[in-house]
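Enquirer:
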Amino acid sequence: LYQSYDGIVWIASKFGLIRYDRKSGNAKLLQPQPSSSYITTNDFSTTIIEIDGLLWVGTVAGILACFDPEKEIFKLFKNDPNNVNSISPTSPLGIISIFKDRSGILWVGTSDFGLNKWDKYKIKFHSYKYNLDNKKILGNSLVTSMCEDRDGKIWLGTYGGGLSKFDREKKLFVSFKRE
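Here the sequence shown stands for residues 559 to 737, numbered as in my numbering.
Written as structure tokens, this is what we have:
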């Protein structure tokens, strides 16, 4: 659920994005149009994040949807194995979590392929992946939750890998696991 500044309530559901106007009581189901370049799904799996008037939500198919409420148009981001700047691939669980930090950067947690950072100026993703042999990276590849501390560090909850802290300036992870 997300309530925009104009009082509209947005609901991410397994059928699509629902726009509910509390004043009028009207609801509208919005779905991405099928595209030949994407296998679409309307099954949204994450909370809704607003950045610069656009709504971002993840799907179980691993597609990140960006919705423009004024134009009622979706832009879809999916992994492209031939493009290192695309969002990372996902397992059947898709996109698990999304988060907007204080500076407006969008972070996307996937199932099995780690963390993605969206660069809205360069229109590309940067991926941070789990690697068992490297202790200075993400604690596990399934990122379930994210938040930011007052020092600007991003904290990540992972499934089976404990808690990870990401220092954006040093580009280093510190993982905390239960012994």
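Each residue gets a CB set at the ideal place from its N, CA and C atoms; glycine is no exception.
1. So, helix, strand or coil for T617, using DSSP?
2. At what residues does the beta strand (DSSP E) containing D709 begin and finish?
3. Please state whether DSSP places R577 in a helix, a strand or coil.
4. Give a yes or no on whether the C-beta atoms belonging to G667 and I656 are separated by under 9 Å.
5. Please report how far the alpha carbon of A623 lies from the alpha carbon of S646, in whole angstroms.
6. Can L613 and S562 be called in contact, C-beta distance under 9 Å?
7. Output needed for K729: all residues of its chain with C-beta closer than 6 Å, excluding positions within five of it in sequence on either side, in chain order.
8. Less than 9 Å between the beta carbons of I654 and V615, yes or no?
9. Could you work out which residue in S703, S582, L559 is closest to E608 when comparing CA atoms only?
10. Can you tell which of W568, D677, V642 has the C-alpha that lies nearest to the C-alpha of T604?
Expert: Considering the structure as presented:
1. It is a strand residue.
2. From DSSP, D709 is part of no beta strand (DSSP E); its letter is neither H nor E.
3. Strand at R577.
4. Their beta carbons are under 9 Å apart, which means G667 touches I656 by this criterion.
5. For A623 and S646, the distance between alpha carbons rounds to 14 Å.
6. Remark: C-beta atoms of L613 and S562 approach each other more closely than 9 Å.
7. Counting only Cβ-Cβ distances below 6 Å, and skipping sequence neighbours, we find nothing.
8. For the pair I654 and V615, the CB atoms are not nearer than the 9 Å cut-off.
9. Ranking S703, S582, L559 by Cα distance to E608 puts L559 first.
10. When C-alpha distances from T604 are compared across W568, D677, V642, the shortest belongs to W568.
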